[in-house]
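Number of protein chains: 4
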Amino acid sequence: MQTQDHNGTDEVHAKRARRKQARPGELLAAALDLFVEKGFAATRAEEVAAHAGVSKGTLFLYFQSKEELFKAVVRETLAGRFETWSIEIKLFEGSTADMLRYAMNEWWKHLGATKASGISKLMMSEACNFPELAEFYHQEVIVPGQKLIETILQRGIDQGEFTVTDMRYAVLGVMAPMVFLINWKHSLGMCTGLNYPIDPDQFINNQLQIMLQGLVKRTP
Amino acid sequence: MQTQDHNGTDEVHAKRARRKQARPGELLAAALDLFVEKGFAATRAEEVAAHAGVSKGTLFLYFQSKEELFKAVVRETLAGRFETWSIEIKLFEGSTADMLRYAMNEWWKHLGATKASGISKLMMSEACNFPELAEFYHQEVIVPGQKLIETILQRGIDQGEFTVTDMRYAVLGVMAPMVFLINWKHSLGMCTGLNYPIDPDQFINNQLQIMLQGLVKRTP
Amino acid sequence: MQTQDHNGTDEVHAKRARRKQARPGELLAAALDLFVEKGFAATRAEEVAAHAGVSKGTLFLYFQSKEELFKAVVRETLAGRFETWSIEIKLFEGSTADMLRYAMNEWWKHLGATKASGISKLMMSEACNFPELAEFYHQEVIVPGQKLIETILQRGIDQGEFTVTDMRYAVLGVMAPMVFLINWKHSLGMCTGLNYPIDPDQFINNQLQIMLQGLVKRTP
Amino acid sequence: MQTQDHNGTDEVHAKRARRKQARPGELLAAALDLFVEKGFAATRAEEVAAHAGVSKGTLFLYFQSKEELFKAVVRETLAGRFETWSIEIKLFEGSTADMLRYAMNEWWKHLGATKASGISKLMMSEACNFPELAEFYHQEVIVPGQKLIETILQRGIDQGEFTVTDMRYAVLGVMAPMVFLINWKHSLGMCTGLNYPIDPDQFINNQLQIMLQGLVKRTP
DNA sequence: CATGAATGAGTGTTCATTCAT
DNA sequence: GATGAATGAACACTCATTCAT
Numbered sequence: 097m098q099t100q101d102h103n104g105t106d107e108v109h110a111k112r113a114r115r116k117q118a119r120p121g122e123l124l125a126a127a128l129d130l131f132v133e134k135g136f137a138a139t140r141a142e143e144v145a146a147h148a149g150v151s152k153g154t155l156f157l158y159f160q161s162k163e164e165l166f167k168a169v170v171r172e173t174l175a176g177r178f179e180t181w182s183i184e185i186k187l188f189e190g191s192t193a194d195m196l197r198y199a200m201n202e203w204w205k206h207l208g209a210t211k212a213s214g215i216s217k218l219m220m221s222e223a224c225n226f227p228e229l230a231e232f233y234h235q236e237v238i239v240p241g242q243k244l245i246e247t248i249l250q251r252g253i254d255q256g257e258f259t260v261t262d263m264r265y266a267v268l269g270v271m272a273p274m275v276f277l278i279n280w281k282h283s284l285g286m287c288t289g290l291n292y293p294i295d296p297d298q299f300i301n302n303q304l305q306i307m308l309q310g311l312v313k314r315t316p
Numbered sequence: 097m098q099t100q101d102h103n104g105t106d107e108v109h110a111k112r113a114r115r116k117q118a119r120p121g122e123l124l125a126a127a128l129d130l131f132v133e134k135g136f137a138a139t140r141a142e143e144v145a146a147h148a149g150v151s152k153g154t155l156f157l158y159f160q161s162k163e164e165l166f167k168a169v170v171r172e173t174l175a176g177r178f179e180t181w182s183i184e185i186k187l188f189e190g191s192t193a194d195m196l197r198y199a200m201n202e203w204w205k206h207l208g209a210t211k212a213s214g215i216s217k218l219m220m221s222e223a224c225n226f227p228e229l230a231e232f233y234h235q236e237v238i239v240p241g242q243k244l245i246e247t248i249l250q251r252g253i254d255q256g257e258f259t260v261t262d263m264r265y266a267v268l269g270v271m272a273p274m275v276f277l278i279n280w281k282h283s284l285g286m287c288t289g290l291n292y293p294i295d296p297d298q299f300i301n302n303q304l305q306i307m308l309q310g311l312v313k314r315t316p
Numbered sequence: 097m098q099t100q101d102h103n104g105t106d107e108v109h110a111k112r113a114r115r116k117q118a119r120p121g122e123l124l125a126a127a128l129d130l131f132v133e134k135g136f137a138a139t140r141a142e143e144v145a146a147h148a149g150v151s152k153g154t155l156f157l158y159f160q161s162k163e164e165l166f167k168a169v170v171r172e173t174l175a176g177r178f179e180t181w182s183i184e185i186k187l188f189e190g191s192t193a194d195m196l197r198y199a200m201n202e203w204w205k206h207l208g209a210t211k212a213s214g215i216s217k218l219m220m221s222e223a224c225n226f227p228e229l230a231e232f233y234h235q236e237v238i239v240p241g242q243k244l245i246e247t248i249l250q251r252g253i254d255q256g257e258f259t260v261t262d263m264r265y266a267v268l269g270v271m272a273p274m275v276f277l278i279n280w281k282h283s284l285g286m287c288t289g290l291n292y293p294i295d296p297d298q299f300i301n302n303q304l305q306i307m308l309q310g311l312v313k314r315t316p
Numbered sequence: 097m098q099t100q101d102h103n104g105t106d107e108v109h110a111k112r113a114r115r116k117q118a119r120p121g122e123l124l125a126a127a128l129d130l131f132v133e134k135g136f137a138a139t140r141a142e143e144v145a146a147h148a149g150v151s152k153g154t155l156f157l158y159f160q161s162k163e164e165l166f167k168a169v170v171r172e173t174l175a176g177r178f179e180t181w182s183i184e185i186k187l188f189e190g191s192t193a194d195m196l197r198y199a200m201n202e203w204w205k206h207l208g209a210t211k212a213s214g215i216s217k218l219m220m221s222e223a224c225n226f227p228e229l230a231e232f233y234h235q236e237v238i239v240p241g242q243k244l245i246e247t248i249l250q251r252g253i254d255q256g257e258f259t260v261t262d263m264r265y266a267v268l269g270v271m272a273p274m275v276f277l278i279n280w281k282h283s284l285g286m287c288t289g290l291n292y293p294i295d296p297d298q299f300i301n302n303q304l305q306i307m308l309q310g311l312v313k314r315t316p
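Line order of the protein sequences matches chains A, B, C and D. The opening position of the first sequence corresponds to residue 97 in the numbering used here, with each subsequent residue numbered one higher. The opening position of the second sequence corresponds to residue 97 in the numbering used here, with each subsequent residue numbered one higher. The opening position of the third sequence corresponds to residue 97 in the numbering used here, with each subsequent residue numbered one higher. The opening position of the fourth sequence corresponds to residue 97 in the numbering used here, with each subsequent residue numbered one higher.
This is the structure:
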C-alpha cells in the first residue's frame with residue numbers, strides 16, 4: 097500500500113474519481129426506470145443498486161436516503177428541456193395549426209415517448225409527499241410547457257387564425273390531453289390484461305382535430 | 097315470555113344491526129379519505145380503522161382484506177353512479193351540445209368535486225402494483241364512463257349535430273381533460289405554495305367551448 | 097315477564113337446564129372432532145362453537161378457555177373404557193394366540209376406528225404443554241391398556257403357549273404397533289396426496305403373524 | 097495494488113464466508129431444538145433467530161420462509177442419513193438377523209437418540225396443517241427408511257432366513273415400533289411425573305427378539 | 001471506496017377472549 | 001342464559017439503513 101501510494105495514487109485517484117462521477121448517473125438512471133415502472137414506495141433500494149451494478153451499500157454512499165434519491169431523479173431528469181423547443185417554435189414557418197400539430201408530435205417523440213414522461217405519473221402520486229419537488233416540477237416543467245403553448249396560441253390569435261376566450265384555460269386545454277396520455281401510458285396503459293391500448297399518434301391527431309375544428313359540424 | 101323474548105331480541109337485533117350497518121359506511125368513508133390522501137400502499141389498515149373509530153381487528157370483520165376494502169370504496173363511490181347517469185342522459189331533451197355541457201357539469205358536481213375523484217390519482221400510482229385493482233377499476237369505472245360519453249357523442253352524430261372521425265379517440269378526447277382535472281386537483285393542485293389554482297367550472301366551460309367549436313376561427 | 101314468572105318459571109328453567117346440560121356434551125363432541133382433525137392450535141374456538149350450534153360466546157360460558165376445553169375433551173372421551181374388555185378377556189375360551197388376535201381386532205373395531213383414537217395423536221403433540229393431562233392419559237389409558245395386554249401374555253405363558261423374555265417390553269411390543277397405527281391414521285395417513293394407505297386389518301393381521309411366529313423361518 | 101486488493105478482498109471474503117457459512121448451521125440447530133420442543137406452528141421465527149444469536153431479519157436472509165427452514169432442518173438431520181446407511185447395509189456380512197439387529201441399533205445411536213428424532217412427533221402433529229411439509233417428509237424420510245428396511249427383509253428372504261407374507265406390511269411392522277419409541281420419548285416419555293421410563297436398548301432388543309422369533313413357543 | 005451481512009421497525013391479518021345488549 | 005361485535009396481542013415476513021470489514 098505504502099509503495100503504491102508513491103507511484104500510483106494519482107492514477108488510482110483519477111480512476112476512482114471517474115468511477116465515482118459515473119456512479120450517481122448510473123444510479124439515477126436505474127432509479128428513474130424503476131420508480132417509473134413500479135412507483136416510489138414499491139421500488140426497493142437494493143433493486144436500484146443492482147440495476148446500476150453496485151451494491152446496496154453504495155447507493156447510500158451517494159444518496160442519503162431513498163427520498164433524496166427520488167428528488168435527485170426528478171431534478172436530474174428535468175434539467176433544461178424547454179429552451180430548445182422555445183427557439184424552434186420561434187423559427188417555425190407555416191400556419192399556427194401546423195405549428196401546434198408539429199409541437200405536439202415533437203413533444204411526443206422527444207418527451208412523451210421517453211422514460212422521462214414517467215416523471216409526470218410519479219409527481220402525481222408523490223407531489224403531496226414531496227412539496228418542494230412539486231414546486232420544482234411546477235417551475236421547471238409545467239410553467240415552461242405552458243409558456244410554450246401560450247406562445248403558440250398567441251401566435252394563432254395574432255395571425256387571426258385562432259379564437260381564444262380565456263388564454264389560461266385554453267393553455268390547460270392543450271396541456272390536459274397530453275398529460276393524460278403519458279399518465280395513462282405509465283399506469284393503466286401498462287397493465288397487461290386490460291387490453292385497452294391507446295395509440296399515441298392517433299390520440300394526438302384526433303386531439304388536434306377536435307381542438308382545432310371542434311365537434312360541432314361546420315356549415316360550409 | 098315468547099312475546100317478550102321476541103320483542104327483546106328484535107330490539108337488540110335492531111340496535112346491533114344499526115351499528116353493524118353503520119360500520120362499513122364509516123370504514124369506507126375513512127378508507128376513501130386516507131387512500132386518496134396517502135395512496136393505497138401507504139395507508140395502513142390500522143389507520144383506517146382508527147379514523148373510523150374502531151380497532152384494527154374490526155376492519156377485517158367487515159372487509160376480507162385491504163384490497164377488498166379498496167374495491168368496496170370504488171364500488172360505493174364510483175361504480176354506482178353510472179347507472180343513474182345513463183338513465184338521466186336518455187331522458188335528456190335539448191341539443192347534444194347542451195347535453196354534453198350538462199353531463200360534464202353534473203359529473204363535476206357529483207364526482208369531480210367530491211373526495212371520490214381522488215381515486216383516479218390513486219389508481220394511476222397503484223395500477224401497476226395491484227393489477228387486480230386496475231382491472232377492477234377499468235371494468236367498473238373507465239368502461240361505463242366511456243360508454244356514457246360514447247352515447248352522448250353518438251346522439252350528436254345521429255342528430256346531425258356533431259362530426260366525429262374516430263369514435264374511440266373522440267371519447268378519450270372528452271375523458272382526458274376531466275381526468276386531468278381531478279388528478280391535478282389531488283396532486284399538484286393540492287400543494288400549497290404552487291399558487292396555481294384551476295377553477296373547475298371555468299376549466300370545464302372552456303374545455304366545452306374548445307371541444308365544441310374548436311380553436312380555429314369560424315367564418316360566419 | 098312478571099306474569100310469566102308465576103306460571104312458567106319451572107318449565108322454562110327445566111328446558112334451560114336440559115339445554116344447559118346438553119351444551120357441554122355437544123361442545124365436547126365438536127371439539128373432539130376438530131382437535132383430532134386439525135390439532136389443538138389450528139382449531140379455532142369459533143369453529144368448535146359453530147359445530148356445536150352455538151355462538152362463540154357460549155363456548156366460553158362453559159369452558160374457561162380453549163385449554164380447559166381441551167382438557168375436558170380428553171378427560172371426557174376416555175372415561176372408563178377398559179373395564180368391559182378386561183371382563184371379556186377373562187371369559188375368553190380358546191388359544192391365547194386367538195385371544196390376542198381377537199383382542200387386537202376388537203380394539204381396532206371399538207377404539208382404533210373411532211374418533212377417540214385421535215386423542216393419542218393429540219396427546220403426542222400436546223403432552224408437554226399439558227403435563228397433568230399427560231399423567232391422566234397415562235393412568236386412564238396407557239396403564240389399563242398395558243394391564244390388558246399383560247393379562248393376555250401372562251395367560252400365554254401360563255398355558256405354555258408363549259415365550260416371553262421380559263414382560264414389560266413384551267407388552268410395549270404389542271402396544272407399539274397399535275399406537276403407531278392410530279397415530280399414522282390421524283396424521284400422515286390423513287394427508288391426501290401421500291397415496292400411502294395402510295389397511296388397518298391387514299396391518300393388524302400381519303403384525304399378529306410377525307409377533308406370534310416371528311420372521312425367522314421355522315424348521316418343521 | 098491489484099495484488100493487495102486481491103489479498104485483502106479474499107481475506108475479507110474468507111472471514112465473511114466463514115461467518116455466512118456458520119449462520120445456517122446455527123439457525124438450523126436452533127430451529128431443530130425449538131421445533132421439537134414446541135412444534136412447528138408454535139415456534140416463532142424470531143425465537144429461532146434469537147436462539148441462534150441473530151435478529152429476526154437474519155433468519156430470512158438464509159431461509160426463504162419458516163417452511164423452508166423446516167425443510168432444511170429435515171434435510172440436514174434426517175434425509176442425508178439414508179444414503180450412508182444404504183451403502184453400509186450392502187457391505188454388511190453376516191446373517192440377516194444380525195444385520196437387522198445392527199441396523200436398528202445403529203438407527204437408535206445415530207438418529208433415535210438424537211434431537212432429530214423429535215421431528216417424527218412434530219410431523220405427526222403438523223402433517224394435516226402443512227400438507228407440503230408432510231409430503232416432503234414422506235418422500236425424504238419415510239420412503240427411504242422403508243426402502244432400507246425392505247432391502248434387509250428381502251435379503252433375509254433371498255438367503256432363506258426369513259419368511260415374509262406381505263412385504264409392505266412386514267416393513268411397517270419393523271418401522272412401527274421404532275416410530276413409537278421416538279414419539280414416546282418426545283411426548284409422554286418427556287413428562288416428568290410419569291415415571292415410566294422406556295430403556296431404548298432393551299426396547300429394541302426385545303422388539304428384535306419378538307420380531308425374529310415370535311411369541312409362540314418353538315418346539316425344538 | 002465498496003461491500004453485503006445484519007438489523008429492527010413496520011405491515012396485513014388472525015383469533016382467543018370479553019362484554020354490552 | 002346467549003349472542004356476536006369488538007378488541008388487541010401476536011406473528012410471518014419485508015426493506016431502508018448501518019457498519020464492520
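Where a beta carbon is used, it is the ideal one built from N, C-alpha and C, also for glycine.
Nearest neighbour of residue i, chosen from the options [CA to CA]
{"i": "D:Leu155", "options": "D:Pro296, D:Met274, D:Glu142 and D:Ile215", "result": "D:Glu142"}
{"i": "C:Arg251", "options": "C:Tyr265, C:Thr192, C:Gly208 and C:Leu165", "result": "C:Thr192"}
{"i": "C:Lys162", "options": "C:Ala126, C:Leu196 and C:Tyr265", "result": "C:Ala126"}
{"i": "C:Val170", "options": "C:Leu218, C:Trp204 and C:Val267", "result": "C:Leu218"}
{"i": "A:Arg264", "options": "B:Gly269, B:Glu184 and B:Pro296", "result": "B:Pro296"}
{"i": "B:Leu124", "options": "B:Glu164, B:Asn225 and B:Glu189", "result": "B:Glu164"}
{"i": "D:Lys186", "options": "D:Tyr158, D:Phe226, D:Thr247 and D:Gln309", "result": "D:Thr247"}
{"i": "B:Glu231", "options": "A:Ala118, A:Ile183, A:Leu207 and A:Gly285", "result": "A:Gly285"}
{"i": "A:Gln235", "options": "A:Gln305, A:Arg177 and A:Leu157", "result": "A:Arg177"}
{"i": "B:Trp203", "options": "B:Val150, B:Ile245, B:Glu257 and B:Val132", "result": "B:Ile245"}
Contact set between residue i and chain D, taken where Cβ atoms lie within less than 7 Å
{"i": "C:Arg314", "result": "Arg314"}
Within chain C, the residues that residue i reaches when beta carbons sit closer than 8 Å
{"i": "D:Val260", "result": "Leu311"}
{"i": "D:Leu123", "result": "Residues of chain C passing the Cβ test: none, with the nearest at roughly 23 Å."}
{"i": "D:Lys217", "result": "Met220 and Ser221"}
Contact list for residue i against chain B, beta-carbon separation under 9 Å
{"i": "A:Gln303", "result": "Tyr265, Leu268, Gly269 and Ala272"}
{"i": "A:Gln298", "result": "Asp262, Arg264 and Tyr265"}
Buried or exposed by the 16-neighbour rule on C-beta atoms within 10 Å, applied to residue i
{"i": "B:Gly104", "result": "Low confidence applies to B:Gly104: its pLDDT is 43, below 50, so where it sits in the model is not reliable, and the reading given next is rough at best. Exposed, by the Cβ-count rule."}
{"i": "A:Asn302", "result": "buried"}
{"i": "C:Ala209", "result": "exposed"}
{"i": "A:Glu222", "result": "buried"}
{"i": "D:Lys167", "result": "buried"}
{"i": "C:Ser216", "result": "buried"}
{"i": "D:Lys281", "result": "buried"}
{"i": "A:Gln98", "result": "The predicted position of A:Gln98 is uncertain, since its pLDDT is 42 and thus under 50; no value can be drawn from it."}
{"i": "D:Ala148", "result": "buried"}
Contact set between residue i and chain D, taken where Cβ atoms lie within less than 9 Å
{"i": "C:Ser161", "result": "None at all; the shortest Cβ gap to chain D is about 16 Å."}
Residue i: contacting residues in chain A (beta-carbon distance under 7 Å)
{"i": "B:Ala138", "result": "Ala137"}
Partner residues on chain B for residue i, Cβ-Cβ distance less than 7 Å
{"i": "A:Lys134", "result": "Cys224 and Asn225"}
Under 8 Å from the C-beta of residue i: neighbouring residues of chain A
{"i": "B:Leu290", "result": "Ala230, Glu231 and His234"}
Exercise. For the segment 266-285 of chain A, which residues have a CB atom closer than 9 Å to at least one CB atom of chain B, in sequence order?
Worked result: Ala266, Leu268, Gly269, Val270, Met271, Ala272, Pro273, Met274, Val275, Phe276, Leu277, Asn279, Trp280, His282, Ser283, Leu284 and Gly285
Problem set entry | Whole runs of the alpha helix (DSSP H) within the segment 251-296 of chain B, excluding any shorter than 4 residues | 263-282
Problem set entry | Under 7 Å (Cβ pairs) to chain D, residues found in the segment 186-199 of chain C | Ala193
Problem set entry | Members of the segment 237-252 of chain C near chain D, C-beta cut-off 8 Å | Ile238, Leu249 and Gly252
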